[in-house]
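For the sequence shown, this note's numbering gives the first residue as 212, with consecutive numbering after it. Ideal placement from N, C-alpha and C gives every residue a C-beta, glycine not left out. First up is the structure itself, then whatever we jot down about it.
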Amino acid sequence: MFMMTRRALVALTLPVLASTLVACSDDDDTPTAPALQTITQTAAATAELSTLVTALQAAELTTTLNGTGPFTVFAPVNSAFSALPSDVVTRLLETGNRAILTKVLTFHVVPGRITASQLRDGQTLTTVEGTALPVSVANGVVTVGGARVTTADVEASNGVVHLIDGVMLGSLDIVDNAIIRGFSSLVSAVQAANLVTPLRGGSLTVFAPTNAAFAAIPGGAPSDVATLTRVLQLHVVGSRALSSQLSNGQQLPTLLTGTSLTVGLTGGVRVTGPRNFASVVAADVVAKNGVIHVIDTVLLP
212 MFMMTRRALV ALTLPVLAST LVACSDDDDT PTAPALQTIT QTAAATAELS
262 TLVTALQAAE LTTTLNGTGP FTVFAPVNSA FSALPSDVVT RLLETGNRAI
312 LTKVLTFHVV PGRITASQLR DGQTLTTVEG TALPVSVANG VVTVGGARVT
362 TADVEASNGV VHLIDGVMLG SLDIVDNAII RGFSSLVSAV QAANLVTPLR
412 GGSLTVFAPT NAAFAAIPGG APSDVATLTR VLQLHVVGSR ALSSQLSNGQ
462 QLPTLLTGTS LTVGLTGGVR VTGPRNFASV VAADVVAKNG VIHVIDTVLL
512 P
């Protein structure tokens, strides 16, 4: 009674088999989302981040950003690097300045995964480098360290990337800035006078003579350390003074005991010391521990 002929069994089986094959075919046609790449891979695949990738390679940070993370990276686009003086970028990429480049790049990286919606006005982020990174949000525009976020929330397997329109140098101190901006004569003098450490701390204003200014010193730069130290101390004020904070006739006490510089604002900015004066040719190079004003003459005590 319950026996089924072979023909009947086949007749029942074929529709079930056909249904199964159609279902399998439908599953195979379902698009699969591509796997997310690491931050390093994501940057390498983004044309407008090619200069950043070159910098990461020079600083040997590509492996780090291929790691587990998670990281939030504020990634300067190529035009951000182009906005810097070309010689600054060149010096940053030099092998001898790898420590400075690493300071710059790790200042753009924050531990953890932080999307744009999690950023708040007045927020401060602690970077991998260690320097605090201020956040500003106004009218829907997010800026970090003065750089504007142009493309937010580029997802990566080990974090998130936000493209920005500026290279942030807020982690660099006065000595770092002097090095990458080509004040080689000043840097050599500071090293000879053992003033590197003092110029990396505090809150200072440095009137930095150009290389040409050092070359123009009558008889050349002092060779003895004591005299050289006095000359350099005359160029350092023990507080931060932006150009907007200078006033005509203002007295700026220097690190050279008992000596001040007098500010003049007639026909440009000028500072006068005990024996001569210098004109400010470039102002407000802001550093982590103060500000640099470039001058055209070495002041003499």
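Beta-bridge partners of residue i, as assigned by DSSP
| i | result |
| --- | --- |
| Leu380 | BP columns for Leu380 are empty, so no partner. |
| His373 | Phe285 |
| Leu472 | Leu463 |
| Leu336 | Leu344 |
| Gln420 | Note that residue 420 is Pro in the sequence shown, not Gln. Ile506, per the DSSP bridge assignment. |
| Thr354 | Ser347 and Arg359 |
| Val448 | Thr416 and Thr465 |
Same chain only: Cβ atoms within 7 angstroms of residue i, ignoring 5 sequence neighbours per side
| i | result |
| --- | --- |
| Leu467 | Arg441, Gln444, Leu445 and Pro512 |
| Thr317 | Thr338, Val339 and Glu340 |
| Ala498 | Leu383, Asp384, Ile385 and Asn388 |
| Leu330 | Val346, Val348 and Val353 |
| Ala327 | Val353, Val360, Ala363, Asp364 and His373 |
| Thr279 | Asn369 |
| Val299 | Ile391 and Arg392 |
| Gln462 | Ser471 and Thr473 |
| Ala367 | Leu247, Gln248, Thr249, Ile250 and Thr253 |
| Ala234 | Annotation note: pLDDT 44 at Ala234 (below 50); position unreliable, coordinate value reported separately. If we look at Ala234 and ignore the five residues flanking it on each side, it has no Cβ neighbours. |
| Gly323 | Pro281 and Thr283 |
| Ser261 | Asn289 |
| Ser236 | Low per-residue confidence applies at Ser236: pLDDT is 46, beneath 50, and the placement is therefore not dependable, though the value from the model is reported in the following sentence. So the list is empty, once near-sequence residues are dropped. |
Whole-angstrom distance between residue j and residue i, CA atom to CA atom
| i | j | result |
| --- | --- | --- |
| Leu232 | Ala246 | Because Leu232 sits at a pLDDT of 37, beneath the cut-off of 50, its placement in the model cannot be relied upon, and the point is left open. |
| Thr508 | Gly469 | 21 angstroms |
| Thr408 | Asp387 | 11 angstroms |
| Ala255 | Thr249 | 10 angstroms |
| Phe425 | Val398 | 11 angstroms |
| Leu344 | Leu272 | 20 angstroms |
| Gly377 | Lys314 | 16 angstroms |
| Gly381 | Ala358 | 11 angstroms |
| Thr253 | Val264 | 10 angstroms |
| Thr274 | Thr473 | 51 angstroms |
| Thr306 | Ala432 | 28 angstroms |
| Thr342 | Phe418 | 24 angstroms |
| Gly370 | Ile428 | 53 angstroms |
| Val447 | Arg486 | 16 angstroms |
| Leu406 | Leu439 | 10 angstroms |
| Ala404 | Ser297 | 30 angstroms |
| Thr257 | Ser290 | 13 angstroms |
| Asp435 | Val496 | 29 angstroms |
| Gly460 | Gly484 | 12 angstroms |
| Ile325 | Gln334 | 12 angstroms |
| Ala423 | Glu259 | 37 angstroms |
| Phe292 | Leu510 | 34 angstroms |
Contacts around residue i, its chain only, beta-carbon distance under 8 angstroms, and the 5 residues preceding and following it disregarded
| i | result |
| --- | --- |
| Leu312 | Ala266, Ala269, Ala270, Leu303 and Leu304 |
| Gly413 | Gly449, Asn500 and Gly501 |
| Ala222 | The predicted model places Ala222 with a pLDDT of 44, which falls under 50 and marks its position as unreliable, so this point remains unresolved. |
| Met379 | Phe285, Pro287, Val315, Phe318, His319, Leu344, Val355, Gly356, Gly357 and Ala358 |
| Asp332 | Val346, Ser347, Val348 and Ala349 |
| Gly479 | Ser490 and Val491 |
Residues near residue i in its chain [Cβ-Cβ closer than 6 angstroms; skip 5 each side]
| i | result |
| --- | --- |
| Ala494 | Ser454 and His504 |
| Arg481 | Gly475, Phe488 and Ser490 |
| Val321 | Thr283, Leu336 and Thr338 |
| Leu457 | Val474 |
| Thr251 | Thr273, Leu276 and Asn277 |
| Ile506 | Phe418, Pro420, Ala489 and Val491 |
| Ile375 | Phe285, Pro287, Ala358 and Val360 |
| Phe394 | Ala419 |
Residue i, buried or exposed, once every other Cβ within 10 Å from all chains shown has been counted against 16
| i | result |
| --- | --- |
| Ser396 | buried |
| Ala513 | Residue numbering for the chain in the displayed model covers 212 to 512; residue 513 lies beyond these limits and cannot be assessed. |
| Asn308 | buried |
| Thr301 | exposed |
| Ala310 | exposed |
| Gly356 | buried |
| Pro464 | exposed |
| Ala437 | exposed |
| Thr477 | exposed |
| Ala400 | buried |
| Ala452 | buried |
Limits of the unbroken alpha helix (DSSP H) element including residue i
| i | result |
| --- | --- |
| Ser390 | Sequence check: residue 390 is Ile here, not Ser. Residues Ile385 to Ile391. |
| Leu410 | No alpha helix (DSSP H) holds Leu410; DSSP gives it neither H nor E. |
| Ala363 | That residue, Ala363, is in no alpha helix (DSSP H); its beta strand (DSSP E) goes Ala358 to Ala367. |
| Asp495 | Segment Phe488 to Ala498 is the beta strand (DSSP E) holding Asp495; no alpha helix (DSSP H) there. |
| Thr265 | Ser261 to Ala269 |
| Leu513 | Because the chain spans 212 through 512 in this model, residue 513 falls outside it and cannot be assessed. |
| Ser399 | Ser395 to Ala403 |
| Leu303 | Ser297 to Leu303 |
| Gln252 | Ile250 to Ala255 |
Within-9 angstroms CB hit, residue i to chain D
| i | result |
| --- | --- |
| Gly307 | Judged by its chain identifiers, the structure shown contains no chain D, having just a single protein chain. |
Unbroken beta strand (DSSP E) run spanning residue i, endpoints
| i | result |
| --- | --- |
| Ile506 | Gly501 to Ile506 |
| Arg481 | Arg481 to Thr483 |
| Ser347 | Ala343 to Ala349 |
| Pro322 | Val320 to Pro322 |
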